[in-house]
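Data block below; observations after.
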Amino acid sequence: MTSSYTDNSTECAICFEPFDGTETITLTCGHRWHTACVKQQLQSAKPNTSQRLLFSGYRCAKCKAFCDHPDLRDLTRKTDELRERVDALVEEQLKADLPAAWESARQDRDAKAKLLDEGRRNYAFYLCGGCDEPYFGGTVECADEEQGELIASEDRLCQACSPRTQEICQHPFEHGAYHVWKCRYCCNPATFLCYGNVHFCKPCHDRNPNAQAIPCVGGACCAFPKPKGQTTHSNGSSRECEQLYYCAWCESSSSRDAFAQNESTGSRNFIVNPSGEEGTRGWRPILDRWGQSEMWQVENMELRVDQHTQTNFVSSYSWASMMQTVPLHEYVRDPSSVQIEVSAKFMGRSDCPSLFFMQAVVKDSNGRILHRAGTSQLSAPAGFWEKATLTIDPVIGAHEVSMIVYGKDSRFWLAISAPRFVTAQSVFCVTRTSLETFS
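In terms of UniProt numbering, the sequence shown is residues 1 to 439.
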């Protein structure tokens, strides 16, 4: 909603230069700035994996409202979506830490908003150096003790990307709440996560930041699980002293192979060759009315989406399209009970506008279309990867789901150009009637 406030300032409060005849912009909060100054502020405020997420650079410098204006959407859209994902994580953490307060506030909008604001102030979130997704990393109180220290991105990893987690748990993202970690400074099980990557037991946390390592007595005298091939634990300030003891969910599962009954949202990607690592294997073209098609091509990735992906798909000046079908019935015992999520990350050219859109089609065992969902035509950003997601509630009779992606730029080029897309993903989750599975 646009504010009725009128800013009568004669100079920009960012550069302290007069407005005169230079281009200005009035944000929805009502405050006026040099357009170039606001854009430079937003470009400099992009979140990174070295520090916790603050979003302060995306706020109006006068009133602290988030910068909002149609001409700034390309600069704020990715962060707006990131803030929504962080808010979802705040909710998850509040449910775990304050279950009674959350339950009582759930039906009261004002009480819920107040509780969310408290969570935003108290919880620290970071971008994972592996997948570039936000994750909970402890409290702001502990995070502030870092005193602005930059930590390498490879040291900031979420549950799903940490190799220490993957060694013990088959599905680290979904089972994160059931993980039991070792304190970094001693052998006791940890009860605190701080700085986004350090686990503490309570005594060591209380001594922090002056905690000293307590040597492991080793062998049978230490009852806790040792790293493979070792007889003692490594304790101290090094990240090598981090260890996941066990996953309670995996340990309590009666059958490690019965994943259709035991998985939670986010368990795995069912798309084959999601980023073009194997050319276009697994994908097929969409024919137009004349029986022709423009297939996506593959190129080496210029702007990395994560540490592992090397390639992405790229379109041209005419609409490129392709699809892949995931046989739900091969992975889920009752496909009618699953919620389906289809997503992709995409970006465009810097020298001309690019368009992207995506569809998901659910069919029955006879190939009849039961449900179709799609994004609008999305303007592909030039400087970052944006995520598009389609979520489909359970469809009775569902047998398979097809992911269809389209892309083009708006200028005639005699070569492959843009937009690009990468990390196509089809995932699904079983409803709570059979625990939670797949997504």
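Glycine included, every Cβ here is placed at the ideal spot set by N, Cα and C. Since this is a predicted model, take the numbers as computed values, not measurements.
- Trp33 sits in a strand when the DSSP states are folded into three classes.
- Assignment of Gln324 by DSSP, reduced to helix, strand and coil, places it in the strand class.
- Check the Cα spacing between Ser343 and each of Glu141, Phe357, Ser350: the tightest is with Phe357.
- Contact check for Glu400 against Val326 passes: the beta carbons are separated by less than 9 Å.
- When Leu390, Ile369, Arg368, Gly383 are compared, the shortest CA-CA separation from Thr375 is found for Leu390.
- Ranking Thr49, Ser50, Lys39 by CA distance to the CA of Arg59 puts Lys39 first.
- The Cβ atoms of Leu127 and Thr49 sit closer than 9 Å to each other.
- Excluding the 5 residues flanking it on each side, Pro394 has same chain C-beta neighbours closer than 7 Å at Ser336, Ser337, Val338, Gln339, Thr431, in chain order.
- When the five nearest sequence neighbours on each side are left out, the beta carbons in the same chain lying within less than 7 Å of the beta carbon of Arg120 are those of Val90, in order along the chain.
- Take Ala190, set aside five residues on each side of it, and the residues of its chain with a beta-carbon closer than 7 Å to its own are Trp181, Lys182, Cys183, His199, Phe200, Cys201, in chain order.
- Note on geometry: alpha-carbon atoms of Leu157 and Phe270 lie some 23 Å from one another.
- Less than 9 Å separates the beta-carbon of Gly130 from that of Cys161.
- Of all C-beta pairs linking the segment 293-301 to the segment 352-371, fewer than three are shorter than 8 Å, placing the two stretches out of contact.
- Residue range 386-392 is occupied by the beta strand (DSSP E) that includes Leu390.
- Residue range 73-97 is occupied by the alpha helix (DSSP H) that includes Thr76.
- Per DSSP, reduced to three states, the secondary structure at Cys204 is helical.
- The Cβ-Cβ distance between Ala382 and Lys345 does not fall below 9 Å.
- When secondary structure is reduced to three states using DSSP, Ile214 falls in the coil class, being assigned neither helix nor strand.
- Your pair Met347 and Ala380 checks out as a contact, with CB atoms roughly 6 Å apart and the cut at 8 Å.
- Residue environment: Arg73 is assigned as exposed (fewer than 16 neighbouring CB atoms within 10 Å of its CB, all protein chains considered).
- In the three-state reduction of the DSSP assignment, Arg304 falls in the coil class, being assigned neither a helical nor a strand state.
- Annotated three-state conformation of Thr309 is coil, per DSSP.
- A distance of 9 Å or more separates the beta carbons of His34 and Ser9.
- In the displayed model, Asp110 falls within a helix according to three-state DSSP.
- Going by C-alpha positions, Thr311 is about 48 Å away from Ser104.
- Bounds of any alpha helix (DSSP H) do not take in Gln359; it lies within the beta strand (DSSP E) bounded by 354-363.
- In the three-state scheme derived from DSSP, where H, G and I count as helix and E and B as strand, Ile396 is classed as coil.
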